[in-house]
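Engineer:
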Amino acid sequence: EDQVTQSPEALRLQEGESSSLNCSYTVSGLRGLFWYRQDPGKGPEFLFTLYSAGEEKEKERLKATLTKKESFLHITAPKPEDSATYLCAIAGNTGKLIFGQGTTLQVKP
Amino acid sequence: DGGITQSPKYLFRKEGQNVTLSCEQNLNHDAMYWYRQDPGQGLRLIYYSQIVNDFQKGDIAEGYSVSREKKESFPLTVTSAQKNPTAFYLCASSKTHSGANVLTFGAGSRLTVL
Numbered sequence: 018e019d020q021v022t023q024s025p026e027a028l029r030l031q032e033g034e035s036s037s038l039n040c041s042y043t044v045s046g047l048r049g050l051f052w053y054r055q056d057p058g059k060g061p062e063f064l065f066t067l068y069s070a071g072e073e074k075e076k077e078r079l080k081a082t083l084t085k086k087e088s089f090l091h092i093t094a095p096k097p098e099d100s101a102t103y104l105c106a107i108a109g110n111t112g113k114l115i116f117g118q119g120t121t122l123q124v125k126p
Numbered sequence: 020d021g022g023i024t025q026s027p028k029y030l031f032r033k034e035g036q037n038v039t040l041s042c043e044q045n046l047n048h049d050a051m052y053w054y055r056q057d058p059g060q061g062l063r064l065i066y067y068s069q070i071v072n073d074f075q076k077g078d079i080a081e082g083y084s085v086s087r088e089k090k091e092s093f094p095l096t097v098t099s100a101q102k103n104p105t106a107f108y109l110c111a112s113s114k115t116h117s118g119a120n121v122l123t124f125g126a127g128s129r130l131t132v133l
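If you read the sequences in order, they're chains Y and X. Numbering (the numbering used here) for the first sequence: 18 to 126. Numbering (the numbering used here) for the second sequence: 20 to 133.
(1) Just checking, does the segment 99-111 of chain X make contact with the segment 50-63 of chain X on the three C-beta pairs under 8 Å criterion?
(2) Closer than 8 Å, CB to CB, is T120(Y) near chain X or not?
(3) Taking just the CA atoms, how far does L122(X) sit from A145(X)?
(4) Give the range of the beta strand (DSSP E) segment to which I65(X) is assigned.
(5) Using three-state DSSP, classify E98(Y) as helix, strand or coil.
(6) For the segment 68-88 of chain Y and the segment 40-59 of chain Y, state whether three or more C-beta atom pairs, one from each stretch, are separated by less than 8 Å.
(7) Is the Cβ of L109(X) closer than 8 Å to any Cβ of chain Y?
(8) Does the pairing of the segment 62-82 of chain Y with the segment 26-39 of chain X give three or more beta-carbon distances under 8 Å?
(9) Would you mind sorting I107(Y) into buried or exposed? The rule is 16 or more other CB atoms within 10 Å of its CB.
(10) Please report the distance separating the alpha-carbon of D140(X) from that of S128(X).
(11) In terms of residues, what are the limits of the beta strand (DSSP E) holding G49(Y)?
(12) Can you give me, in chain order, the residues of the segment 56-80 of chain Y that have a beta carbon less than 9 Å from any beta carbon in chain X?
(13) Considering only DSSP beta bridges, list what Q36(X) is partnered with.
(14) Along the segment 49-70 of chain X, what residues have a CB closer than 7 Å to any CB found in chain Y?
(15) If you compare alpha carbons, which of G117(Y), F51(Y), K59(Y) is closest to Q101(Y)?
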């Protein structure tokens, strides 16, 4: 059974304090791993898709990496506007998209 | 600008009432989805539609119904059979129905049972 687990559930950082969010997964035939950002009371917004182990993608202060068992979302020198819930999702051979429960990030000035 | 419009933003339901959530997209996407989001849980799929006049049950379809009469529209009805409907509901779309496609989400509708 395809599964996704995100950790930690919540993370508090000071502005400028770099850290990483984890997404551990088990899947039969990975077709894609997705990261989304969700602000309170809004719908998720797409950040990245990763397809194979070793792949990396960057956008501003965010960098997503992928291994055969997990993905990391690295946040470098975060700012308060990076505060949000970050969702990880996987798609495998079943064609079904499975979401993790999310990591809520709070960045304090 | 292309996107997904959900309405209403907030909705209140009394016991025994059916309510309908609207979802409209102007992205020319074939596939549309309804997800339910509860605190501390991942998004759970309610229904999805790959093409007009066709839709499939997701993981938690009981107590919900949908229709897809137009490509642009995919309304969700929360029926009185849904015993715990208080949640945040998200509509999404993608170019085609493939797990590897990026989803575009609407802003969500929050349903509260009085």
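Glycine included, every Cβ here is placed at the ideal spot set by N, Cα and C.
Structural biologist: Answer, in terms of the structure:
(1) yes
(2) no
(3) Absent from the model: residue 145(X). The displayed extent of chain X is 20 to 133, so no value can be given.
(4) 63-70
(5) helix
(6) yes
(7) yes
(8) no
(9) buried
(10) Since the first residue shown for chain X is 20 and the last is 133, residue 140(X) is missing from the structure and cannot be characterised.
(11) 49-55
(12) G58, K59, G60, P61, E62, F63, T66, Y68
(13) Note: Q36(X) sits in no beta bridge, so no partner.
(14) G59, Q60, G61, L62
(15) According to the sequence shown, residue 101(Y) is Ala rather than Gln. The candidate whose alpha carbon is nearest that of A101(Y) is K59(Y).
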